[in-house]
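The structure under discussion appears below in the form of structure tokens.
Numbering (the working numbering), first residue to last: 1 to 240.
This is the structure we're talking about:
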């Protein structure tokens, strides 16, 4: 009987330790929705991103400092293709006597490493709600694309090319997580918002080519880009 009581005591203490673990790691994935200038499709506006709905991937390390507060590290990656159809329509609007096609080889890649203080609100024994804010280093790679056009009357060819550009800056965000605990595993539903105003030092390519200017007019300029997106992701976490 004494041995049984000792075993029950040890198991109950192990259960308490598991339930009060301060650390977990998690991964989640879901759609990434471009917002604002990032989603705008206006060829005459240099801030337009022409970004489409893409994918969001997030890896989290979380450490609980107290019952309700803690810190997290977020490693975030977003990939958003550009809207080739919208870009083609904008080109056709600027040159109505041409028919166009668009080829894009790389999407928008954005993300970063964020430090995220969080507030933890236990709803029940298994269900928890977290609210968090993000600040950290953000990066972005702009897409590479080429717009090809053919004059509908003379069959003259023209092209417009944009090279990949990369930049780094400060990123911000906010989010919330709904967590359902299954022993040491946790199912998560995450809602996140990310924002960064990144300075691209070199945006390069060449302008519209023509028979008189077959190589086009090279361009190289700097510009700020506001990259904002919302993400809904489903994930799995594990208490260490």
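For each residue, glycine too, the CB sits at the ideal point set by N, CA and C.
Query, Result
"Supposed contact pair residue 200 and residue 162 - C-beta distance, whole angstroms, cut 8 Å", "The Cβ separation is near 11 Å, so there is no contact."
"Within 8 Å, strictly: CB atoms of residue 210 and residue 158", "yes"
"Backbone secondary structure at residue 80 - three-state DSSP", "strand"
"Unbroken stretches of the beta strand (DSSP E), 3 residues or longer, contained in the segment 49-96", "54-64, 69-80"
"Three-state secondary structure assigned by DSSP to residue 39", "helix"
"Residue 137 versus residue 178 - alpha carbon distance", "25 Å"
"Span separating the alpha-carbon of residue 202 from that of residue 222", "5 Å"
"Boundaries of the beta strand (DSSP E) in which residue 188 is found, first to last residue", "185-206"
"DSSP state of residue 222 mapped onto helix, strand, coil", "strand"
"Length of the line joining the Cα atoms of residue 88 and residue 100", "6 Å"
"Through-space distance from residue 54 to residue 218, alpha-carbon basis", "30 Å"
"contact_flag[the segment 42-51, the segment 76-87] where n(CB pairs < 8 Å) is 3 or more", "yes"
"Assigned exposure category for residue 63 - 16 Cβ within 10 Å defines buried", "exposed"
"Proximal residues to residue 1 (C-beta, below 7 Å), its chain only, five neighbours per side dropped", "Residue placement at residue 1 is flagged as unreliable, the pLDDT there being 45, under the threshold of 50; the coordinate-derived value follows with that caveat. Within the same chain, residue 1 has no close Cβ partners at all."
"Where residue 209 sits in the DSSP three-state scheme", "coil"
"Neighbour-count burial assignment, residue 74, 16 or more Cβ in a 10 Å radius", "buried"
"Residue 43 to residue 106 span [Cα, whole Å]", "18 Å"
"Any chain B beta carbon closer than 8 Å to residue 130", "Included in the structure is just one protein chain, with no chain B present."
"Top-ranked residue by Cα proximity to residue 156, from 97, 28, 29", "97"
"Given residue 173 as reference, the closest of 198, 180, 229 once Cα atoms are compared", "229"
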